[in-house]
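*Asks:*
Residue numbers (the numbering used here): 28 to 134.
1. Between the alpha carbons of residue 127 and residue 45, how many angstroms are there, rounded?
2. Between the C-alpha atoms of residue 67 and residue 97, what's the straight-line distance to the nearest angstrom?
3. How many Å lie between residue 117 and residue 103 at the Cα?
4. Once DSSP output is grouped into helix, strand and coil, what is the label at residue 55?
5. Judging by CA-CA distance, which residue of 134, 88 and 120 is the nearest neighbour of residue 40?
6. Please report the distance separating the alpha-carbon of residue 130 from that of residue 72.
7. Buried or exposed, going by whether 16 or more other CB atoms sit within 10 Å of the CB of residue 56?
Next comes the structure, spelled out in structure tokens:
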């Protein structure tokens with residue numbers, strides 16, 4: 028899952044260029060954009076790469092409630108065309124990063 032995790036956080040960081048990946052992984056308390064970025068990365072892991080939610084909870088020490096809440100937030104925001112366009116672009120980028128990583132490891 029490490030390649031998928033790294034790809035999702037890297038792709039999400041491109042949507043939020045002012046945030047470091049470290050801030051997306053563990054957002055400072057009042058940084059709402061960083062919290063949204065983390066929710067987007069988690070959403071990509073679960074919905075695009077089919078990472079089990081329980082595994083996500085274990086790896087990032089998050090409750091299932093917190094993960095489910097984040098997934099709902101992103102699902103609701105995807106109804107907005109501008110958000111959906113950015114999200115799907117980032118998801119495409121994450122898939123490309125994972126594919127590139129797998130090709131490099133296979134070579």
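From the three backbone atoms N, C-alpha and C, an ideal C-beta is built for every residue, glycine too.
Keep in mind it's a predicted model, so treat the numbers as computed, not measured.
*Replies:* Concretely, from the data shown:
1. As a first step, residue 127 must be located in the chain shown, where it is residue number 100. As a first step, residue 45 must be located in the chain shown, where it is residue number 18. Approximately 25 Å, taken between the alpha carbons.
2. As a first step, residue 67 must be located in the chain shown, where it is residue number 40. As a first step, residue 97 must be located in the chain shown, where it is residue number 70. Looking at the two C-alpha atoms, the distance is approximately 8 Å.
3. By 1-based counting over the chain shown, the position of residue 117 is 90. By 1-based counting over the chain shown, the position of residue 103 is 76. Cα to Cα, the separation comes out at about 17 Å.
4. The residue given as residue 55 occupies position 28 in the chain shown. Coil.
5. Within the chain shown, numbered from 1, the residue matching residue 40 stands at position 13. Ranking the options by Cα distance to residue 40, first place goes to 120.
6. Numbered from 1 along the chain shown, position 103 holds the residue referred to as residue 130. Numbered from 1 along the chain shown, position 45 holds the residue referred to as residue 72. Distance between the alpha carbons of residue 130 and residue 72 is about 20 Å.
7. By one-based count along the chain shown, residue 56 stands at place 29. Looking at its Cβ environment, which holds fewer than 16 other Cβ atoms inside 10 Å, residue 56 is exposed.
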